[in-house]
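Residue numbers (my numbering): 8 to 280.
Notes follow the structure.
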């Protein structure tokens with residue numbers, strides 16, 4: 008039998024707030040006056056954390072929630088917030104009985120973005136119902152719509168992932184040169200994940216190749232030292248020619264490169280000569 012919360016005049020209940028970052032780090036906080044350990048996570052006491060009302064509805068509109076003060080805890084570094092390590096992190100907000108450690112989750116969502124205002128960080132929370140606003144109908148496109156090595160592509164990601172180490176960093180160009188078995192040109196459009204150093208766990212996109220270096224899609228606030236390890240995945244320009252010649256995967260190409268565009272419909276007829 009499930010518990011009925013707040014059914015008694017006096018309850019031993021606190022609010023908890025859990026953040027599961029995309030790099031594998033999990034942080035927990037609670038409004039209780041001491042740390043609480045449950046669900047395998049230590050939830051730090053945050054007296055300044057003030058939960059607001061959580062609105063849950065039966066329609067398709069996203070639920071709203073906000074917590075003030077949690078992002079000001081000492082365990083959350085401003086540098087990590089500014090670097091985007093909390094963007095896209097999963098969030099759980101719920102109730103916990105600080106005696107029995109029984110819990111009940113009230114809200115599940117993700118952190119859409121983190122902003123700094125007047126020296127304080129605030130997070131925009133998005134409930135899981137935001138996924139209902141995504142259009143599931145595919146649109147025709149000359150390029151491939153499938154994610155490289157993802158559903159529809161069918162290629163094995165393990166074939167195109169490589170362990171590399173940093174050789175040099177160009178801060179002005181936001182470019183990194185790696186020692187490894189793959190060329191910079193093959194990495195254009197791919198992904199990079201740092202395995203050690205101060206950026207460990209952070210994932211970045213590879214925007215382009217610059218000679219033997221790769222250009223990252225986000226600036227490096229902290230420069231990795233030579234020898235820093237990273238895991239890189241090759242990229243794809245989503246054209247049929249690349250899919251056929253480089254990967255031999257044209258049969259799974261998820262695009263329509265020969266479909267006439269809108270300019271053909273708007274074109275005026277011409278008289279035969």
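Ideal placement from N, C-alpha and C gives every residue a C-beta, glycine not left out.
At the C-beta level, residue 11 and residue 102 stay beyond 7 Å of one another.
Looking only at 279, 270, 174 and 150, the smallest Cα-Cα distance to residue 219 is reached by 174.
Residue 201 has 237 as its beta-bridge partners, per DSSP. Between the region 183-192 and the region 216-236, the count of C-beta pairs closer than 8 Å reaches three or more; the two stretches touch. The C-alpha of residue 83 is placed about 33 Å away from the C-alpha of residue 164.
For residue 115, the secondary structure class from DSSP, reduced to helix, strand or coil, is strand. In the structure shown, residue 49 falls within a strand segment according to DSSP collapsed to helix, strand and coil. The secondary-structure analysis by DSSP pairs residue 213 across a beta bridge with 223.
Exposure of residue 108 is indicated by the presence of fewer than 16 other C-beta atoms within 10 angstroms of its C-beta. For residue 42, no beta strand (DSSP E) encloses it, and the DSSP letter there is neither H nor E. In the DSSP assignment, residue 37 falls within the beta strand (DSSP E) that extends over 33-37.
Here residue 264 has 149 and 247 as same chain residues with Cβ atoms under 6 Å from its own Cβ, once five neighbours each way along the sequence are excluded.
Within a 10 Å sphere around the beta-carbon of residue 229 sit fewer than 16 other beta-carbons, which makes this residue exposed. When C-beta atoms of the region 244-263 are compared with those of the region 207-214, fewer than three pairs fall below 8 Å, so the two segments do not count as touching.
In the structure shown, residue 83 adopts coil according to DSSP, grouped into three states. Note that the C-beta distance between residue 261 and residue 179 is not below 7 Å. Here the alpha carbons of residue 51 and residue 258 stand approximately 52 Å from one another. Burial is judged here by how many other beta carbons sit within 10 angstroms of a residue's own beta carbon; residue 112 has fewer than 16 and is exposed.
The Cβ atoms of residue 162 and residue 200 lie no closer than 7 Å to each other. Burial is judged here by how many other beta carbons sit within 10 angstroms of a residue's own beta carbon; residue 120 has fewer than 16 and is exposed. In this structure, the straight-line span from the alpha carbon of residue 151 to that of residue 249 is close to 10 Å. In this structure, the beta-carbon distance from residue 147 to residue 236 does not fall below 7 Å. Bounds of the alpha helix (DSSP H) holding residue 252 are 247-252. Judged by DSSP in its simplified three-state form, residue 256 adopts coil rather than helix or strand. Closest in alpha carbon position to residue 196, among 208, 14 and 241, is 241.
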